[in-house]
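Counting in this note's numbering, the sequence shown runs without a single skipped number right up to 203 at its last residue. Think of the CB as a built atom: it goes at the ideal place given N, C-alpha and C, for glycine as much as any other residue. Being a predicted model, the structure only gives us computed values, none of them experimental. Scroll down for the structure; my scribbles are underneath it.
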Amino acid sequence: MIYTDKSIFKRHELKYLVDARQRDSIETAFGGRMIPDEHGESTICNIYYDTPDFRLIRRSLEKPVYKEKLRLRSYGKANNDTKAFLELKKKYKGVVYKRRISIEYDEAYKILGEGGRLDGKSQIEREINYFLDFYGNIVPSVYLCYDRTAYFAEDDPNLRITFDRNILWRTEDIDLRTLPGGEPILDEGYSLMEIKAAGAMPL
1 MIYTDKSIFK RHELKYLVDA RQRDSIETAF GGRMIPDEHG ESTICNIYYD
51 TPDFRLIRRS LEKPVYKEKL RLRSYGKANN DTKAFLELKK KYKGVVYKRR
101 ISIEYDEAYK ILGEGGRLDG KSQIEREINY FLDFYGNIVP SVYLCYDRTA
151 YFAEDDPNLR ITFDRNILWR TEDIDLRTLP GGEPILDEGY SLMEIKAAGA
201 MPL
C-alpha cells in the first residue's frame, strides 16, 4: 500500500558537529521560536542501498556536482505493515532535492530485494524506477539509526533544525524489522546538528 504524504522537498542543508554544552546553548537560544515537530523525539532507522561494487558511495566521496542515493526509512523498529518512506535524495550544486513515497515496509523491502519495480502511477514512482533501472542490481549496503530531536520555526515551517545523537551503523542484519543497534559513529555526548531551509540559508 502506498500512502499520500508530503513527497517533494527542495532545500539547503548544513551540518555541524556539536558537543552537549553547545547543543544546550543552541536549544536555550531558541527561546520558543523553534517548536518540536510532529515526531519530536524519535528513533529513525534507515537502509541505504548501493550497487555490489559500492558505485554510489564511491561517487559521493568524489564530491561531484551531482550525486544521488536511495534509502528506506522507518520511525522506530518496523513491522511488515509499518508505514515506511522510500526516498530518492539528490544533491546538485549544494541544493538538496528529495522525492519520497510512503509505502508499507514489507512491500518496499520485497520490491528492492527482488528486483521489482513500483507501479509507476506517480512521477516520483517513475523517478525511483528509473534509478533502479539505471543502476541495475542494488542491494542493502548499510543500516543507520539515530535518535533525533526535530524543530521547525514558528514563523516558517520550512526552516528546520534537527539534532541526531546515538548514531549507529552496521553492515549485517540490514533490515528495519530488527532492533536498532550497531557501531557508534560519534563520541559520547556529541550530536550532529542539521539546519534545513527551503529558501536562502539564514546566517
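Reference residue i, options the options, closest by Cα
i      : options                        : result
ASP133 : ILE44, ILE26, ASP37, ASP50     : ASP50
LYS15  : ILE101, ASP37, THR162          : THR162
GLY31  : TYR151, ILE185, ALA198         : TYR151
MET34  : ALA153, LEU192, TYR190, ILE185 : ALA153
TYR92  : GLY115, LYS63, LEU112, LEU118  : LYS63
ARG99  : GLU127, ASN80, GLY116          : GLU127
ILE174 : ASP187, GLU188, ARG165, LEU112 : LEU112
TYR135 : LEU56, GLY116, ASP19           : LEU56
PRO36  : GLU183, ASP156, ASP187         : ASP156
LEU88  : SER25, ASN129, THR43, GLN22    : ASN129
Same chain, Cβ closer than 6 Å to residue i, neighbours up to 5 away in sequence not counted
i      : result
THR82  : SER74, TYR105
ILE195 : LEU14, ILE161
TYR208 : As displayed, the chain neither begins before 1 nor continues past 203, which places residue 208 out of reach and without an answer.
ILE2   : Only weak support is given to the placement of ILE2: the predicted model assigns it a pLDDT of 48, under 50, and the value that follows is read from those uncertain coordinates. Result list for ILE2: ILE101, ILE103, in chain order.
TYR66  : TYR92
LEU186 : ILE167
Own chain partners of residue i with C-beta closer than 8 Å, once the 5 adjacent residues on each side are dropped
i      : result
GLY181 : CYS145, LEU168, ARG170
ASN80  : GLU104, TYR105, ASP106, ARG177
Residues bridged to residue i [DSSP beta-bridge criterion]
i      : result
TYR109 : Per DSSP, none; premise fails for TYR109.
ILE26  : Paired residue(s): none; ILE26 is not in a bridge.
PHE216 : Outside the shown range of the chain (1 to 203) lies residue 216, about which nothing can therefore be said.
PRO140 : TYR49
PRO36  : TYR151
ASP164 : ARG148, LEU192
SER42  : ARG148
Contact check, residue i vs residue j, beta carbons under 9 Å
i      : j      : result
ILE138 : ILE8   : no
PHE131 : GLU172 : no
LEU17  : TYR190 : yes
THR178 : LYS77  : yes
LEU192 : CYS45  : no
ASP147 : GLU41  : yes
Chain-order list of residues whose beta-carbon lies under 7 Å from that of residue i (same chain, five-residue window excluded)
i      : result
ALA108 : LEU72, ALA84, LEU86
ALA197 : ARG11, HIS12, ASN158, LEU159
HIS39  : TYR75, ALA150
ASP119 : GLU125
ASP19  : GLY189, TYR190
THR4   : Note that THR4 scores a pLDDT of 42, beneath 50, so its modelled location is shaky; the value from the coordinates is reported in the next line. Around THR4: no qualifying Cβ.
ASN166 : TYR146, ASP147
ARG59  : LYS67
message: Quick check: the stretch 49–65 against the stretch 136–143, are at least 3 beta-carbon pairs closer than 8 Å?
response: Yes, the stretch 136–143 touches the stretch 49–65.
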